[in-house]
Each structure stands twice: as C-alpha cells, then as structure tokens.
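Shown next, in structure tokens, is the structure this report addresses.
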Amino acid sequence: MVLEEEIPRFASWIGPAVLRYAATAGAAAVAAGLCAWLAQAVAYGPLASGDRVYRGILAGLADLALPSPRRVWALARLAIQESLRRNVLVALALFAVILTFAGWFLDPASVDPGRLYIGFILGATNFLVCMVALVLAAFSLPADVKSKAIQTVVTKPVRTSEIVLGRTLGFALVGTCLLALMAFAGWAFIVRSVSHVHALEDADVFASPQAGSEGRTSLVRGHRHRVVVDGSGNGVAETAHGHRHAVSVTGTAGDGGRRYAVGGPLGILEARRPLRGSLRFLDREGRPAAKGISVGNEWAYRQYIEGGTAGAAIWTFDGITPEEFPNGLPLEMIIRVFRTYIGRIEEGIHGTIQLRNPTTSLRSESLPIVAREHTIDSLFIPRRINTVLASGELREVDLFAELVSDGRVEVWLQCLEPAQYFGVAQADFYLRAGEGSFALNYAKSCLGIWFSMLVCTALGVMFSTFLSGPVALLATMAMLLVGQFREFIARLFTSQVTGDSSLVPGGGPIESLYRIVTQTSITLELDPTPAVQAMKTADTLLLAPLRLAAGLFPSLSTLGTSDFVAGGFDIPANLLAAHAAETLGYVAAFVVAGVFCLKAREVAS
Amino acid sequence: MIQQATNGAATAARPSPGDVIVETRNLSKVYRDFWGRSKKTALKPLDLDIRRGEIFGLLGPNGAGKTTTLKLLLGLIFPTSGEALVFGKPATDVSKNERIGYLPEESYLYKFLDAEETLDFYGRLFDMPPEERRRRSEALIEMVGLTRDRKRQLREYSKGMTRRIGVAQALINDPELVILDEPTSGLDPIGTREMKDLIIDLKSRGKTVIMCSHLLADVEDVCDRIAVLHLGELKELGRVEDLLRVTGVTQFRATGLSPAAVADIERVLEKHGAADVEVGNPRTTLEDLFLEVVRDTEARPGRRARRPETGRSE
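In order, the protein sequences belong to chains C and A.
Heads up: the first sequence is residues 1 to 605, going by this note's numbering.
Heads up: the second sequence is residues 1001 to 1314, going by this note's numbering.
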C-alpha cells in the first residue's frame, strides 16, 4: 500500500491544523465580505453598501446562535420525506444491479482477488452514495424556491441556520441509511466472492526431503497453491493470489492413500497493524546516500538498491519491546524488483536481511529472502538468533538483549543478484504489531465514505442556497474536481511562479494549448520571447485565483481509506480522527457559508 | 328600513403607537437585473399604518404592487429604500413571525404531505410541543372541513381543499396578525363566502387581518380600511364606507310600500326639487342569488329552487 507521508499523531496534528483552519476561514470570510460590499456598492453606493453588509453579518451571526432542535429536526424530516418521494431508493436498486453483474467483469483469477473485490465494492459504494447526496442536496432548496413552498417556511419563525442545518442533516441521514445498506450488501458480496476451497488428492502429494511431503492443490479460480504437509499431518497451502489455506490429513482412503482437508482462504480479509520504521540508503560503495537509485523517469515514491554491491536499504524501528513481541519480530515486506535481465522469472530475486544494533553495531547473520512481485513476503525473526562476531564466528543471542538498543533496531535489506535491483519505500517494511478485525476495518472504511458523503451534502446544500439546481450540482462537482487536483494545482502554480518547469513540465493552460497546437514537446524549453513571457504571465494570472480557491476545496480522495482495507492494513485511529476533524471543519464552514448566502438572498421575487 | 348616507368623510382618530401593528415608512422596491440596473419599480415610497383588530385590504389591479407590499412585510424580499416594521420589529426579523400567519396566493405547500403531516410540520416550525400540535391540528382540520381527507396527500386535493389546508397552516400558531394574499382566489362562491366569514370571524376574535385582492366585492365585503395601489403607487387610503360614500346623492330603502305610496313619495321628492329620481326594486348580487339557490337545494333536495324573495333585508 502506498503511504507517501507518515500519519501524524492526532494530538500533535490537531493544534496546528485548527490554527491553519482558523486563518484560512478568516481570510475567506474577509474576502467574501469584500465581494458582498463591492456587489452592493454598485446598486446602493459605498456607504449604504457598508451598512448593509455590516447588518447582514450581524444578522447572520445572530441566526447561527442556538438553533432550535425541534425546527431543525422538522426540516430534516421533511428532507427525508422529500428524498423518499424522489425515489432515492433507486440508488439501492442500482447497487443491487451492480452487484449482480459485477461477477461478469471482476476476474476471480486476478493476482489479489481480495484487493480487487474490496476496492470495487468500496469504490462503487463511495461513488453512488456521494452522487445521491450531491443530487439530493443540490436540487432540494432550488425546487422549494421554484415551487414557492419555501415561502411558507421562511414566514414561520425559522432561522436560516435551521433551514440549512435541517436540509444537511436530513440528506445526511438518508445518505447514512443508503451507505449502511450498501455496506452490508457489499460485505456479503466480498465474503461470498473470496470464499473458496481447493481439493487436494493424495496422488498430487509427494514425499519431500525438506518437508514431510509437498504437492499442489486443484485449480480453483485460476490458481493453485503449493502445499507443504509435515509429519504430523498438518500443513499449509502456501500464499498465492494473496491468501493461503490450512491443510490437514483427515484419514485414510480405501486405497490406502491419505485424505486431505483444505480450509477456507486465510490472510485475504485481514487488518494488519504495522509498526513502521524510518528508511535510509547506502550507495553501491556502502556510503550513506540521501536517496536510492532512480531506475527511470517514474514515480519517485519507490527507490532502488543495486544487487551484488554494498548498496542497502536500512529501516530503523523504534519502540521494540519484548512485551509487544514476546516471541520475536514478525517482519513483512513488499519488495519491488527491477530486472536488467529477465533471468528465471518464476523464481524471484534473492536477497538478505540482517538485524543490526544501532548502538553497538552488532549484526545478526544474514537471513535469505526471495523477492516476488505483487506479494507481501513475511519473515519471522525469532528471539534466539545468531550474531556474527568480529572474528566471523556465530554466536546465538537473545534478540532484545543484544540487537535491540533502547527499543531501536535496524533492519538491513540487500539484493544479492548483480545487475538486479530491489525497489523499496519507507512504508514497505513493517513489523506486524497486531491484528485488527477485518469487519471493524471495513466499517472504518465505510466511515471514510460517510465523511465524503457529509462533505458532498454540505457542499451541495451550500450551493443550493443561491444557485438553481443544475447549476448548484455543476458548481459542487467542479469544486470537488478542483479539490481533487489541489496538490497538482499548487505544484503547477509554484512551477509558474518560480519558473521551475521540472515541477510540472508543459506550463499552464495557455502554454499547454500553444504546445498542443504547435506540437512542441513538454520537455522543450520555449525561447523566452516577449510573446512567450506574456503567455506565461497570463498563465500565472489565470492560475492565481485557482490556486487560492483550491486550498479551500475539499479533496474526497484524501478522506478515502479503502486502500488500507483493500491492502489488508488496519486503518490507524489517528488517521480516522484527523479525517473526522477535517470533515467537521468542512461541514461547519459550508453550513456557515450556506446560512449567509441564504440570508442574503430574496426567496421570493 | 330606511338608510341614509351623509356627505363628509368620518375622520378616523389617530391611532396610538401601541395600536399600530404594521408600519411602513417610505417603503419602496425596485427590481434590478444581474448587473444592478433597475428593471421595474414595483413599489413607490409607501407610508402605511395598520392598526390592531382591523381588516386591512390592499386593492389594485394585477401588477399594482399588492403582493410586493406583503412580501416586504414578511421579509421575503428586501426593500430598496425605507423600512417596514411589524410588531415594532424590522420585517427581516424572524422572531416577528411567531405572531404572524401567512396564506400565500397559491397555498404553496409540500404536496407529498397529507393534511395532518402538513399541520404537524408547520406546528414544529413554531416549536410547539407534540400535544399542542396534535390538539391544534385536530381543531383546524375540523374547522376547515377536511376531516375526511386528512390522510390524503395534498397532491390529490382540489384547489378549494388546498386553499383550506393553506388557511389551516396559516392559523396553526393562533396568530395575532393574519396576512392573506388573494384569499378567495380560485374558490367557488361557497368557498368564497366561507373565506369571507372566516376573515370576519378572525376580526371578531381580535385578530388583525391584512389581505390583498383584485376582487373588489371581496374587499368591500370584509375590509374596514383599504389602500388602493396602482402601478406601485398608493392612490387611496381610508375606511371603506368613507371611500365608497357617494356625496350629493340621497338613498331611501323601505319595505311594504304600495305602488300608490311610492307615487306619493315621488311627488313629494319632485316638490322639493329632487332631480334624477329613480324608483324600482333593488337588485341582489349574483353571489347572494347563487348562495340562496344552493342553500335551498340542500334544504329541499330534488326540488327546483325557489326564486329568492325580493326586498329581503340584508
């Protein structure tokens, strides 16, 4: 699973985040006030405009104070009834159709079917729930204004804040019910889809010099497992396609052969709790290096070490205690391979892992590993382990007594095969600190979808307070789209301002259009003629407001946590808490903005 | 019975500040386009005082500014200049709505609710406790005669039924001020009469009613005072009886006179120099005729209605 940034502790994250939020919200409020003043000044003159804006702000703030729960609930109920009248349950029917026919398009023989099914279900649920929330929220108030039903509401002692809160709450409840039903159906679909068993016949099992016996399971859903059975009759169908099976001998058949029972898939629906370390590199000479090797113009997330050299990737783990890992260290790793020659593709690339005490520099013996693409390899390092003395002799020691210093230990990864490379990222090596419940993890991921749905609802309601239904829907979608690309927009703007084209090659929209028309490659620098300078300046001016706005817009993808569930990792509580706070911040801001927008408009014309 | 109208308008006593429920000062409304340019002047500066306990009518042809005035009083739109005070509070202050009931022109209600749900919903907006909501809903549904249709969605209601549930929602909070926009619009004569009876009943219960209409007879029948608007401008303001009084003409009405007595009276009038003397039977209104027929039909089903008697007293 890709984890580009370390997940900070919520307690240390929330303080600066609140300050940033307050500063941004304050700046946005001032900008909105200025815009309102300018708009009013055209019709009423600057002084009267100032008076109107001032009174509007006071009225809006008074409106936000202490809304009546009964009125809010009345309006929420109305929103729910309206949603049902607008056949919101069609979304459920659509989801049922998707589930019914998903089997036609999802390949059960894929490399990691668990990831495929979980990703698909959570993605479809997220899309449908957010779309329903968007449509309901964007069209409701404008429909009331059009039918004039809003006039019988605002002529009651109803505050604007109660209207906005009631709508938001009502649609959020509808979305919540939809999400709960879809999540439950999705859960059943996933469990049913990944569930399978293999047959193991005695004829397919042979005595093995290394293990008691080994063999192959039957082909089910496009894959088989290599089976190893020990002398006592217990065995395992080794990991393939992201899972394994337990195997046991159940008796003897009539012909004297053994009968085997193969259990259900294991390790396919799980929630690992990883303890991650920090990563540094050594170059091919064994000297500290700022980064690993780049194997081409590709995403820099993963960096490489060269095989057959002193190059190494070193993770330093902190907080390692015998209480937490009483039997040893369960190391799991995702190692990418870059081959300069293909070799025997089915065998993987050989490497070693060593533990090292960061204080005494005492090292363990090298433990062999084989890196296979697309699998999570595991290596259990026991408490008693051989260390290599200066003399070259091996001495068995206790892991925590000799190799762990103040809770810290280093794990060295090296590639043994010359001209082959291991690709790694910081999040790729971890100690499996525990096991969470997959069901709970799935529920946590649904909570992430719920956060997205809340943001969509609040955003749609906000735009619907002053725009017509279709325009509000388009505005909401545009805002979410810009939010989705907010980091790219920030990078593009920086690239324009600093002139560093390596950040985003090709320039802004006008320059890009020019390059398309003239068929100029994005890697070519344009001659700095006055026309080109003017074009770049215009691009910067165009991008400046977009850059400012993008900082305010939510990015739904950052609220999503389906990658964790699909990858089999437990969603960290710190991340969930940060997402909850972020959602609350956005919803609060959109509700306040919606209140002021509705307050400022005439609901009758 | 003989009625005599005299010339000279009766000047109403100036109201005390506590009696004034609605006050507008220099209230005007200009609709503008997207760019802020004036598109239409809907209401020219208007000064009005509406007093507690009266039925006040805003009268005028379509586009006169009646509904605009009501919307300004309700805070549905904002004035271009001037101010409107309701119960001494600015029209945009929602707390004033606690004491107001509003019936819009078309009873803009939520069609997917039934009558009970509608009244329950609006009762909740007044923060009423459940028991009170239930009690008031029951009473109002019975009052407007929708007991049998209380569980039907409003989308299935006729125009008259929609109007009646509209009235019920306007009265859910037992308001002190009832604002009715074209209250008899779309109603049949019976409905119209019931609506007018209701308005008079509200007045008898101490409520203040503001209504606007372009149906002159409605306004004449129920209003104490009227303001006549035309093209957004106030043209007349005063008590209905004062405004309708025709000065210089004396009218006698009597019952039980023989033709000979009528001839004698004519001679006496001519002797005193009366000009343009008209003698004949007064005409009833079509509304009265229709109501008489309906009542008679209901009283004697299957029989042809009797022609209403002439000379009956009103």
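Cβ coordinates follow ideal geometry from the N, Cα and C atoms, glycine included.
Label residue i either buried or exposed according to how many other C-beta atoms from any shown protein chain fall within 10 Å of its C-beta, with 16 as the threshold for buried.
i                  : result
Glu525 of chain C  : exposed
Thr1006 of chain A : Because the pLDDT at Thr1006 of chain A is just 33, under 50, the model does not fix this residue reliably, and the value given afterwards should be weighed accordingly. Answer is exposed; the Cβ neighbour count stays below 16.
Leu114 of chain C  : Looking at the sequence itself, residue 114 of chain C is Gly, so the reference to Leu does not match. Flag for Gly114 of chain C reads buried.
Pro1175 of chain A : buried
Val90 of chain C   : exposed
Gln354 of chain C  : buried
Thr476 of chain C  : buried
Cys1163 of chain A : Residue 1163 of chain A is actually Arg in this sequence, not Cys. Buried: at least 16 other Cβ atoms inside 10 Å.
Ala1251 of chain A : Before going on, a small fix: residue 1251 of chain A reads as Gln here, not Ala. Per the 10 Å Cβ criterion, exposed.
Gln414 of chain C  : buried
Ala588 of chain C  : exposed
Met1001 of chain A : Only weak support is given to the placement of Met1001 of chain A: the predicted model assigns it a pLDDT of 35, under 50, and the value that follows is read from those uncertain coordinates. Label assigned to Met1001 of chain A: exposed.
Gly242 of chain C  : buried
His198 of chain C  : buried
Asn441 of chain C  : buried
Arg1135 of chain A : exposed
Cys35 of chain C   : exposed
Asp570 of chain C  : buried
Asn1097 of chain A : buried
Given that residue i touches chain C, what residues does it touch there, using C-beta distances under 7 angstroms?
i                  : result
Gly1036 of chain A : Val42, Ala43
Pro1104 of chain A : Lys148, Gln151, Thr152
Lys1071 of chain A : Ala604
Asn1097 of chain A : Thr155, Lys156, Pro157
Tyr1108 of chain A : Ser147, Lys148, Ala149, Gln151, Thr152
Helix, strand or coil for residue i per DSSP?
i                  : result
Ala137 of chain C  : helix
Ala207 of chain C  : strand
Arg1134 of chain A : helix
Phe596 of chain C  : helix
Thr1024 of chain A : strand
Gly1057 of chain A : strand
Tyr260 of chain C  : strand
Ile1002 of chain A : Because the pLDDT of Ile1002 of chain A is 35, which lies under 50, any placement of that residue in the model is unreliable, and the question is left without a value.
Gln1153 of chain A : strand
Glu410 of chain C  : strand
Trp1035 of chain A : coil
Arg1245 of chain A : coil
Glu238 of chain C  : strand
Ala1012 of chain A : Unreliable placement is indicated for Ala1012 of chain A, whose pLDDT of 45 sits below 50; the coordinate value is still reported in the next sentence. In the structure shown, Ala1012 of chain A sits in coil (DSSP, three-state: anything other than H, G, I, E or B).
Leu1076 of chain A : coil
Tyr341 of chain C  : coil
Phe493 of chain C  : helix
Thr316 of chain C  : strand
Would you mind giving the Cβ-Cβ distance between residue i and residue j, rounded to the nearest angstrom? I have them listed as a contact below 8 angstroms.
i                  : j                  : result
Val229 of chain C  : Gly251 of chain C  : Val229 of chain C to Gly251 of chain C, Cβ: 14 angstroms. No contact.
Ser1107 of chain A : Pro157 of chain C  : Not confirmed; about 20 angstroms, so no contact.
Gly1280 of chain A : Thr1041 of chain A : Actually they are not in contact, since the Cβ atoms of Gly1280 of chain A and Thr1041 of chain A sit about 46 angstroms apart, beyond 8 angstroms.
Ala1115 of chain A : Ile1141 of chain A : 6 angstroms
Leu1154 of chain A : Leu1109 of chain A : 6 angstroms
Glu1236 of chain A : Val1228 of chain A : 4 angstroms
Gly351 of chain C  : Ile369 of chain C  : 5 angstroms
Leu78 of chain C   : Phe1121 of chain A : 6 angstroms
Which chain A residues sit within Cβ distance under 7 angstroms of residue i?
i                : result
Arg70 of chain C : Arg1124, Asp1127
Leu64 of chain C : In chain order: nothing, as chain A lies at least about 13 angstroms away.
Which chain A residues are close to residue i, counting only those with a beta carbon under 8 angstroms from its beta carbon?
i                 : result
Ala74 of chain C  : Phe1121, Arg1124, Leu1125
Ala612 of chain C : Summary: the structure shown does not reach residue 612 of chain C, with chain C confined to residues 1 through 605, and so no result is reported for it.
List the residues of chain C that residue i touches, going by C-beta distances under 8 angstroms, in chain order.
i                  : result
Phe1112 of chain A : Gln81, Glu82, Arg85
Ile968 of chain A  : Nothing about residue 968 of chain A can be reported from this structure: the residues present for chain A run from 1001 to 1314 only.
Going along chain A, which residues have a C-beta under 9 angstroms from residue i?
i                : result
Leu47 of chain C : Ordered by position in chain A, no residue passes the 9 angstroms Cβ test against Leu47 of chain C, which lies about 14 angstroms from the chain.
At a CB distance below 9 angstroms, what residues from the stretch 1240-1257 of chain A approach chain C? Give them in sequence order. none
Listed from N- to C-terminal order along the chain, which residues in the stretch 140-158 of chain C have their beta-carbon within a distance smaller than 9 angstroms of any beta-carbon of chain A? Asp144, Ser147, Lys148, Ala149, Ile150, Gln151, Thr152, Val153, Val154, Thr155, Lys156, Pro157, Val158
By the 9 angstroms beta-carbon criterion, what residues does the stretch 1115-1141 of chain A contribute toward chain C? Glu1117, Asp1120, Phe1121, Tyr1122, Gly1123, Arg1124, Leu1125, Phe1126, Asp1127, Met1128, Pro1129
Closer than 8 angstroms, Cβ to any Cβ of chain A: which residues of the stretch 577-605 of chain C, in chain order? Close to chain A, meaning a Cβ-Cβ distance shorter than 8 angstroms, are the following residues of the stretch 577-605 of chain C: Glu602, Val603, Ala604, Ser605.
If you measure beta-carbon to beta-carbon, which residues of the stretch 1074-1094 of chain A are closer than 8 angstroms to chain C? Leu1074, Gly1075, Leu1076, Ile1077, Phe1078, Thr1092, Val1094
Which residues of the stretch 84-100 of chain C have a Cβ closer than 7 angstroms to any Cβ of chain A? Give them in chain order. The stretch 84-100 of chain C vs chain A, Cβ under 7 angstroms: Arg85.
Where the stretch 1027-1056 of chain A meets chain C: residues whose CB sits under 7 angstroms from a CB there: Arg1032, Gly1036
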